[in-house]
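Data block below; observations after.
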Amino acid sequence: DAGITQSPRHKVTETGTPVTLRCHQTENHRYMYWYRQDPGHGLRLIHYSYGVKDTDKGEVSDGYSVSRSKTEDFLLTLESATSSQTSVYFCAISAGTKIYEQYFGPGTRLTVT
Amino acid sequence: GQQVMQIPQYQHVQEGEDFTTYCNSSTTLSNIQWYKQRPGGHPVFLIQLVKSGEVKKQKRLTFQFGEAKKNSSLHITATQTTDVGTYFCAGQEAAGNKLTFGGGTRVLVKP
Numbered sequence: 307d308a309g310i311t312q313s314p315r316h317k318v319t320e321t322g323t324p325v326t327l328r329c330h331q332t333e334n335h336r337y338m339y340w341y342r343q344d345p346g347h348g349l350r351l352i353h354y355s356y357g358v359k360d361t362d363k364g365e366v367s368d369g370y371s372v373s374r375s376k377t378e379d380f381l382l383t384l385e386s387a388t389s390s391q392t393s394v395y396f397c398a399i400s401a402g403t404k405i406y407e408q409y410f411g412p413g414t415r416l417t418v419t
Numbered sequence: 011g012q013q014v015m016q017i018p019q020y021q022h023v024q025e026g027e028d029f030t031t032y033c034n035s036s037t038t039l040s041n042i043q044w045y046k047q048r049p050g051g052h053p054v055f056l057i058q059l060v061k062s063g064e065v066k067k068q069k070r071l072t073f074q075f076g077e078a079k080k081n082s083s084l085h086i087t088a089t090q091t092t093d094v095g096t097y098f099c100a101g102q103e104a105a106g107n108k109l110t111f112g113g114g115t116r117v118l119v120k121p
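Just so you know, the protein sequences line up as chains A and P, in that order.
Just remember that my numbering sits 306 ahead of the position in the first sequence, which is counted from 1.
Just remember that my numbering sits 10 ahead of the position in the second sequence, which is counted from 1.
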């Protein structure tokens, strides 16, 4: 498996609280992605990064922000968590875009009560 | 925006039988990738198809990319219990740098 870790692996939080999820890679890959996975929706892209301090929105970015201050770390922040953000969050990395596969981290299960 | 649809959403298969899952994109794709996610696990890359009409095989799995590069299929022969999981296709448009995932086909195998 590619060197990708996510922390925390599980989190329960209350509505309205801020939450930060961390993705860490040891592969020195340029591209990093945050997805959420919900039943019936597959994997939906939240935000992605194409380099340090370079990020862009995905299809479900509302309510989320990201930061990448180092190549190896990509942070996902929920400024004020809502119950609709209860999901499994996956981080992924890739060396490039075209013809490059993505490697996924183990996931973080977030429950917002 | 681009949409990728997969059918069926669920597939119950008797061990030893064959089945096919289909993937359709609303736009022409640059390439398509397939991933497998075991229950409780994370998606794992299986294969990528780039050329129109391309067919690739991995043991009992056969992947095909449509001539128009808007659809793809995964055919599994002689299904085994190790095939249990959810199979996702993911398409990339020529002008984009993101993958759009289909909803997945969840495969359950009856021994």
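By construction, the Cβ of each residue, glycine as well, lies at the ideal position given by its N, Cα and C atoms.
As the structure is a computational prediction, the values presented were derived from the model and not from experiment.
Backbone CA spacing between residue i and residue j [nearest angstrom]
| i | j | result |
| --- | --- | --- |
| Lys317/A | Glu385/A | 15 Å |
| Arg336/A | Lys108/P | 13 Å |
| Arg48/P | Leu381/A | 26 Å |
| Gly402/A | Gly348/A | 22 Å |
| Arg343/A | Cys397/A | Reading off the sequence shown, one finds Gln at residue 343/A, where the question assumed Arg. In a straight line, the C-alpha of Gln343/A is about 11 Å away from that of Cys397/A. |
| Gly411/A | Gln331/A | 9 Å |
| Ile310/A | Cys329/A | 7 Å |
| Lys66/P | Thr392/A | 37 Å |
| Ser375/A | Gly357/A | 9 Å |
| Glu103/P | Arg415/A | 30 Å |
| Glu333/A | Trp340/A | 17 Å |
| Ser389/A | Gly369/A | 12 Å |
| Thr321/A | Thr417/A | 10 Å |
| Lys359/A | Ile86/P | 42 Å |
| Leu59/P | Cys99/P | 11 Å |
| Ser40/P | Thr323/A | 41 Å |
| Ser400/A | Leu351/A | 14 Å |
| Val94/P | Thr110/P | 23 Å |
| Val372/A | Leu327/A | 9 Å |
Sheet register partners of residue i (DSSP bridge)
| i | result |
| --- | --- |
| Lys66/P | Phe73/P |
| Arg415/A | His316/A and Val394/A |
| Leu109/P | DSSP lists no partner for Leu109/P. |
| Ile57/P | Trp44/P |
| Gly11/P | The partner list for Gly11/P (beta bridge, DSSP) is empty, contrary to what the question assumes. |
| Lys363/A | His353/A |
Secondary structure of residue i, DSSP reduced to three states
| i | result |
| --- | --- |
| Asp368/A | coil |
| Thr91/P | helix |
| Ser389/A | helix |
| Tyr406/A | coil |
| Val358/A | coil |
| Gly101/P | strand |
| Asp344/A | strand |
Short of 9 Å Cβ to Cβ, which residues in the segment 343-358 of chain A face chain P?
Residues of the segment 343-358 of chain A whose Cβ lies closer than 9 Å to any Cβ of chain P, in chain order: Gln343, Gly346, His347, Gly348, Leu349, Arg350, Leu351, Tyr354 and Tyr356.
Residues in the segment 105-118 of chain P with C-beta within 7 Å of chain A's C-beta atoms, listed in sequence order?
Asn107, Lys108, Leu109, Phe111, Gly112, Gly113 and Gly114
Taking only beta carbons into account, state which residues of the segment 85-100 of chain P come closer than 7 Å to chain A, listed in chain order.
Phe98
Please determine if the segment 350-370 of chain A and the segment 22-34 of chain P are in contact, where contact requires at least 3 C-beta pairs separated by less than 8 Å.
no
For the structure I just gave you, are there three or more beta carbon pairs, one from the segment 16-24 of chain P and one from the segment 110-117 of chain P, closer than 8 Å?
Touching, yes, given that three or more Cβ pairs across the two stretches are closer than 8 Å.
Along the segment 52-86 of chain P, what residues have a CB closer than 8 Å to any CB found in chain A?
His52, Pro53, Val54, Phe55, Gln58 and Val60
Taking 8 Å as the threshold, find out whether the segment 76-83 of chain P comes into contact with the segment 48-58 of chain P through three or more Cβ pairs.
no
Would you list, in chain order, the members of the segment 311-330 of chain A that have their beta-carbon closer than 7 Å to a beta-carbon of chain P?
none
Contacting positions in the segment 27-43 of chain P - beta carbon closer than 8 Å to chain A
Ser40, Asn41 and Gln43
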